[in-house]
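> In this text, residue positions in the sequence shown follow my numbering: the first is 80, and each later residue adds one. For glycine and all other residues, C-beta sits at the position ideal for the given N, C-alpha and C. The structure under discussion is supplied below as structure tokens; questions concerning it will follow.
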Amino acid sequence: MDGPLLVIDRDDASPLGAQLVEGLRRGILDGRLQAGDPVPSTRSLATELGVARSSVVAAYEQLAGEGYLEVRQGAPTRVAPLAAHASAMAPGRSVESVAPESAPAPSAAAGGDGELDLRPGRPSTARLDERAWRSAWRHAARVAVPGDTAPPFGERRLRSEIADHLRHARGVACSPDDVVVTAGTSDAVALLASALRAMAGGTPVVAVEHPGYPSARRVLERRGALLTVPVPVDADGIDVAALRAIRPTPDAVMVTPSHQYPLGGRLPVATRLALLEWAEASGAFVIEDDYDSEFRHVGTPLPALASLDRAGRAVLVGSFSKVLTPWLRLGYVVLPANAGLRDAIAAVREDETCPVPGIAQEAMASLLATGAVRRHIAAARRDYAHRRELLLAELSGMDGAPLSGLDGGLHAVVGLPSRALAARVVARLAAEGVLVSPLSDYSAIAGEGPSGLVLGYASPPDARLAGALRVVRAAVEHELSRRPHRWV
Ligand SMILES: Cc1ncc(COP(=O)(O)O)c(C=O)c1O
80 MDGPLLVIDR DDASPLGAQL VEGLRRGILD GRLQAGDPVP STRSLATELG
130 VARSSVVAAY EQLAGEGYLE VRQGAPTRVA PLAAHASAMA PGRSVESVAP
180 ESAPAPSAAA GGDGELDLRP GRPSTARLDE RAWRSAWRHA ARVAVPGDTA
230 PPFGERRLRS EIADHLRHAR GVACSPDDVV VTAGTSDAVA LLASALRAMA
280 GGTPVVAVEH PGYPSARRVL ERRGALLTVP VPVDADGIDV AALRAIRPTP
330 DAVMVTPSHQ YPLGGRLPVA TRLALLEWAE ASGAFVIEDD YDSEFRHVGT
380 PLPALASLDR AGRAVLVGSF SKVLTPWLRL GYVVLPANAG LRDAIAAVRE
430 DETCPVPGIA QEAMASLLAT GAVRRHIAAA RRDYAHRREL LLAELSGMDG
480 APLSGLDGGL HAVVGLPSRA LAARVVARLA AEGVLVSPLS DYSAIAGEGP
530 SGLVLGYASP PDARLAGALR VVRAAVEHEL SRRPHRWV
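This is the structure:
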């Protein structure tokens with residue numbers, strides 16, 4: 080490498096850390112650092128530049144999270160292979176340089192090999208602390224092997240760690256006795272459906288958001304042929320007046336108040352209270368899917384419904400799918416003070432047992448106890464904030480395709496004038512190697528609801544994400560240019 084890798088300008092208004100990140104990123108993008116090159120050790124770079132070593136560590140961590148560097152335990156940190164393609168996709172490259180008429184080949188489109196999956200629900204695991212992960216599983220493997228099933232509500236140690244986690248992260252004052260370990264949200268919903276069915280003594284009625292989470296709807300319907308009643312959502316989330324008007328009164332409603340899925344509204348505190356009032360007055364349960372509460376980018380997170388509930392009607396459902404990975408299949412239900420619901424759930428679990436293997440529960444408890452989950456959320460949050468900025472830069476300002484849903488969570492919605500047009504964009508993108516979801520998949524009423532695309536931005540490294548987003552923009556603009564803009 081000729082000349083210094085980095086020059087820090089102390090008169091520059093931007094913070095040292097940001098200058099370090101930007102300088103290294105530039106070095107990689109303009110080819111001074113090539114894929115596979117080792118970068119200087121944090122100690123030597125810190126000495127060379129006269130900055131704190133912690134600043135260099137933080138900069139390397141950020142660049143590793145963005146996909147520019149590869150950090151391996153016990154080996155020098157190196158420039159990641161993907162970054163070799165990145166110069167063609169350096170920030171600032173004009174959108175027009177991707178020709179909409181001649182779609183690039185799949186791998187070129189995504190800036191790497193094969194398809195790039197931008198469907199929502201895929202977090203990044205790049206920042207996972209491998210050492211903490213391995214040590215948690217080693218610990219779990221050392222536990223004396225019981226000759227029995229795990230307790231019906233889950234291992235005590237994990238329930239206790241989850242209760243602590245929720246107290247700190249969400250202000251939910253719950254005890255380990257309130258926590259039921261589940262194999263993710265899907266299992267929590269199935270469990271609640273069975274319990275509600277037993278309590279209703281027949282087919283319970285469950286109201287759901289429209290548009291809303293399709294898997295939860297299907298699980299509800301599959302478990303005991305529940306009738307799901309769609310309730311419209313507005314910019315904030317569920318329309319409580321519409322919910323109140325439903326007859327007969329539903330046995331439960333399932334909501335995503337932290338970040339309405341998929342449109343992105345956040346239910347204001349007054350509406351949360353109105354929802355709880357309705358539940359208390361009607362004897363219904365509010366199933367609060369707290370998905371996305373960990374990743375709030377604009378505004379402060381609002382209190383969970385479960386922390387506002389005084390009448391024992393709010394059931395909090397959470398998952399480690401986005402916080403860590405959906406591969407784990409780990410989540411939880413926090414039960415309200417409601418003996419009927421507890422008994423019904425206990426009866427289901429007595430027969431069906433806790434579906435999460437005891438060894439996985441032990442490992443998860445260790446990950447929580449050592450602070451690895453908390454640290455991972457903090458690190459991932461920084462990466463995601465950066466990728467969100469990238470998405471805003473690449474997809475804002477498209478005439479006829481407004482961008483929304485970005486105040487929290489890890490996905491965005493691109494509105495489009497019609498379902499047919501959205502379907503054409505999705506198909507075109509698939510042919511180009513970029514997978515996105517049509518917004519119509521979320522509709523709870525066949526053929527109704529807003530049109531557009533839902534795209535997750537969490538998992539691909541920056542360089543690949545930027546390349547893919549340009550392909551998305553080109554496809555959207557191409558399809559929009561083929562017809563007059565008429566919103567239906
Ligand atoms: C709204 C919503 N809630 C919860 C989840 C997590 O589901 P699970 O825990 O079953 O992986 C998802 C995953 O995509 C989701 O979209």
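Does chain D have any CB closer than 8 Å to the CB of LEU447?
The structure shown contains no chain D; it holds only a single protein chain.
> Let me check you understand the geometry: is the CB of TYR463 closer than 7 Å to at least one non-hydrogen atom of ligand 1?
To locate residue 463, count along the sequence shown from 1; it is residue 384. No, since every heavy atom of ligand 1 falls outside the 7 Å radius drawn around the Cβ of TYR463.
> Would you call the stretch 315-322 and the stretch 262-271 in contact, with 3 or more CB pairs under 8 Å?
Verdict: no, contact absent.
> Quick check: LEU447 and GLU240, are their CB atoms within less than 8 Å of each other?
Taking the sequence shown and counting its residues from 1, one reaches residue 447 at position 368. Taking the sequence shown and counting its residues from 1, one reaches residue 240 at position 161. Yes; because the gap between Cβ atoms is below 8 Å, this pair is in contact.
> Below 7 Å, is the gap between the Cβ of SER519 and the nearest heavy atom of ligand 1?
Locating residue 519 in the sequence shown gives position 440, where the first residue counts as 1. Every heavy atom of ligand 1 is 7 Å or more from the Cβ of SER519, so no.
> Less than 8 Å between the C-beta atoms of PRO481 and ALA502, yes or no?
Translated into positions along the sequence shown, residue 481 becomes position 402. Translated into positions along the sequence shown, residue 502 becomes position 423. No, Cβ-Cβ distance for PRO481 and ALA502 is not below 8 Å.
> Taking LEU95 as the reference, give the member of ALA506, HIS244 and SER133 with the closest Cα.
For this step, residue 95 is matched to residue 16 along the sequence shown. Minimum Cα distance to LEU95 is reached at SER133.
> Would you check if the distance between the CB atom of LEU548 and the CB atom of LEU474 is smaller than 8 Å?
One-based indexing of the sequence shown puts residue 548 at position 469. One-based indexing of the sequence shown puts residue 474 at position 395. Taking 8 Å as the Cβ cut-off, LEU548 and LEU474 qualify as a contacting pair.
> If you check the beta carbons only, do HIS338 and ARG467 fall under 8 Å apart?
Within the sequence shown, numbered from 1, the residue matching residue 338 stands at position 259. Within the sequence shown, numbered from 1, the residue matching residue 467 stands at position 388. For HIS338 and ARG467, no; Cβs fall outside 8 Å.
> With GLU359 and ARG392 assumed to form a contact (beta carbons below 8 Å), what rounded beta-carbon distance in angstroms separates them?
Reading the sequence shown from its first residue, position 280 is the one you call residue 359. Reading the sequence shown from its first residue, position 313 is the one you call residue 392. Rounded, the Cβ-Cβ distance is 6 Å, consistent with contact.
> Express the C-alpha separation of VAL130 and SER93 in angstroms, rounding to a whole number.
Here the question's residue 93 lines up with position 14 in the sequence shown. Here the question's residue 130 lines up with position 51 in the sequence shown. So the two alpha carbons sit approximately 15 Å from each other.
> Output needed for ARG421: all residues of its chain with C-beta closer than 6 Å, excluding positions within five of it in sequence on either side, in chain order.
Taking the first residue of the sequence shown as 1, we reach residue 421 at position 342. Once the five neighbours on either side are set aside, the close Cβ partners of ARG421 are LEU414.
> Between VAL268 and ALA295, what straight-line distance do the alpha-carbon atoms span, to the nearest angstrom?
Looking up residue 268 in the sequence shown gives position 189. Looking up residue 295 in the sequence shown gives position 216. Roughly 7 Å separates the two Cα atoms.
> So SER372 and HIS218 are in contact, right, with Cβ under 8 Å, and what is the actual spacing, rounded?
Taking the sequence shown and counting its residues from 1, the one referred to as residue 372 is at position 293. Taking the sequence shown and counting its residues from 1, the one referred to as residue 218 is at position 139. Wrong, their Cβ atoms sit about 28 Å apart, outside the cutoff.
> Can you name the residues that DSSP bridges to ASP368?
Stepping through the sequence shown from its first residue, residue 368 is reached at position 289. VAL396, per the DSSP bridge assignment.
> If you measure between the beta carbons of LEU387 and LEU352, is that distance less than 8 Å?
Mapped onto the sequence shown, residue 387 falls at position 308. Mapped onto the sequence shown, residue 352 falls at position 273. Yes, Cβ-Cβ distance for LEU387 and LEU352 is below 8 Å.
> Between which two residues does the alpha helix (DSSP H) containing HIS319 stretch?
Looking up residue 319 in the sequence shown gives position 240. A quick correction: the sequence has Val, not His, at residue 319. Residues 319-323.
> Could you give the DSSP three-state label for GLY263: helix, strand or coil?
Within the sequence shown, numbered from 1, the residue matching residue 263 stands at position 184. GLY263 falls in the helix class under three-state DSSP.
> What is the DSSP secondary structure of SER337, counted as helix, strand or coil?
Within the sequence shown, numbered from 1, the residue matching residue 337 stands at position 258. In this structure, SER337 counts as coil in the three-state DSSP scheme.
> With ligand 1 as the reference, list in chain order each residue whose Cβ lies under 6 Å from any of its heavy atoms.
That gives GLY200, GLY263, THR264, SER265, TYR292, THR335, TYR340, ASP368, TYR370, SER398, SER400, PRO405 and GLY410.
> For SER583, which residues of its own chain have a beta-carbon under 8 Å away from its beta-carbon, when the five flanking residues on both sides are left out?
No answer is possible for residue 583: it lies beyond the span of the chain, which begins at 80 and ends at 567.
> Does the count of Cβ pairs from the stretch 425-445 and the stretch 282-298 closer than 8 Å reach three?
They do not touch, by the three-pair rule.
> Cα separation between GLN98 and ALA143?
In the sequence shown, residue 98 corresponds to position 19, counting from 1. In the sequence shown, residue 143 corresponds to position 64, counting from 1. Straight-line Cα distance between these residues: approximately 16 Å.
> How is HIS465 classed by DSSP in three states: helix, strand or coil?
As a first step, residue 465 must be located in the sequence shown, where it is residue number 386. HIS465 falls in the helix class under three-state DSSP.
> Applying the criterion that 16 or more other CB atoms from any shown protein chain within 10 Å of the CB defines a buried residue, is VAL177 buried or exposed?
Counting from 1 along the sequence shown, the entry for residue 177 is found at position 98. The predicted position of VAL177 is uncertain, since its pLDDT is 28 and thus under 50; no value can be drawn from it.
> Check ARG375 in the structure and name its three-state DSSP category.
Here residue 375 is taken as the residue at index 296 of the sequence shown, counted from 1. Strand.
> I'd like the span of the beta strand (DSSP E) that includes THR569, first residue to last.
Nothing in the structure corresponds to residue 569, since the chain is present only between 80 and 567.
> Does the beta-carbon of ASP478 have 16 or more other beta-carbons within 10 angstroms, so that it is buried, or is it exposed?
Start at 1 with the first residue of the sequence shown, and residue 478 comes out as number 399. Per the 10 Å Cβ criterion, exposed.
> Using the C-alpha atoms, what's the distance from PRO309 back to ALA472?
Locating residue 472 in the sequence shown gives position 393, where the first residue counts as 1. Locating residue 309 in the sequence shown gives position 230, where the first residue counts as 1. Roughly 34 Å separates the two Cα atoms.
> Given a threshold of 16 other Cβ atoms within 10 Å of its Cβ, counted over all protein chains shown, does ASP541 qualify as buried or as exposed?
Against the sequence shown, residue 541 aligns to sequence position 462. So ASP541 counts as buried.
> Helix, strand or coil: how does DSSP classify SER483 here?
As a first step, residue 483 must be located in the sequence shown, where it is residue number 404. Residue state, collapsed to three classes: strand.
> Using C-beta distances below 7 Å, list every residue in its chain close to PRO539, excluding the 5 sequence neighbours before and after it, in chain order.
Counted from its first residue, the sequence shown places residue 539 at position 460. Within the same chain, PRO539 has close Cβ partners LEU195 and ALA547.
> Run through the stretch 412-479 for me and flag every whole alpha helix (DSSP H) of 4 or more residues, listed as ranges in chain order.
Taking only runs of at least 4 residues, the alpha helix (DSSP H) segments lying wholly in the stretch 412-479 are 418-431, 437-448 and 451-474.
> In chain order, what residues of the same chain lie with their CB nearer than 8 Å to the CB of ILE87, ignoring the 5 residues before and after it?
Here residue 87 is taken as the residue at index 8 of the sequence shown, counted from 1. Cβ within range, chain order: LEU95, GLN98, LEU99, GLY102, LEU128, GLY129 and VAL130.
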